[in-house]
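**Q**
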Amino acid sequence: MDNRKFYSWLGGVDPNYRNHGIATELMEQQHHYLKEKGYKIVQTKTMNEYSRHLIS
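Numbered by the working numbering, the letters in the sequence shown go through residues 3 to 58 in order.
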């Protein structure tokens, strides 16, 4: 296990609040926090049925 890599797999925004930049802000805050904690890599995985939420 590489303790410099953070595996991010769970997250989302309620459909009623999407398209307001909330997911982007959450991701940026997560990355900032993890960088402060010494992580070098954030790996995010999702299932294909959710891939449309990753593509903008």
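Ideal Cβ placement from N, Cα and C applies to all residues, glycine included.
These numbers come from a predicted model, not from an experiment.
Among the candidates 39, 46 and 21, whose CA atom is the shortest distance from the CA of residue 6?
**A** For the purposes of this step, residue 6 is taken as residue 4 along the sequence shown, with counting starting at 1. Of 39, 46 and 21, the residue nearest in Cα terms is 39.
**Q** DSSP has residue 7 in a bridge; who is on the other side?
**A** By one-based count along the sequence shown, residue 7 stands at place 5. Answer by DSSP bridge pairing, in chain order: 43.
**Q** Quick one: grab the DSSP three-state call for residue 18.
**A** In the sequence shown, counting from the first residue as 1, residue 18 sits at position 16. Three-state result, residue 18: helix.
**Q** Give me, in chain order, the residues of the same chain whose beta-carbon lies closer than 8 Å to that of residue 25; leave out the 5 immediate sequence neighbours on both sides.
**A** As a first step, residue 25 must be located in the sequence shown, where it is residue number 23. The residues are 13, 14, 15 and 55.
**Q** What is the DSSP secondary structure of residue 26, counted as helix, strand or coil?
**A** Locating residue 26 in the sequence shown gives position 24, where the first residue counts as 1. Reduced to three states, the DSSP call for residue 26 is helix.
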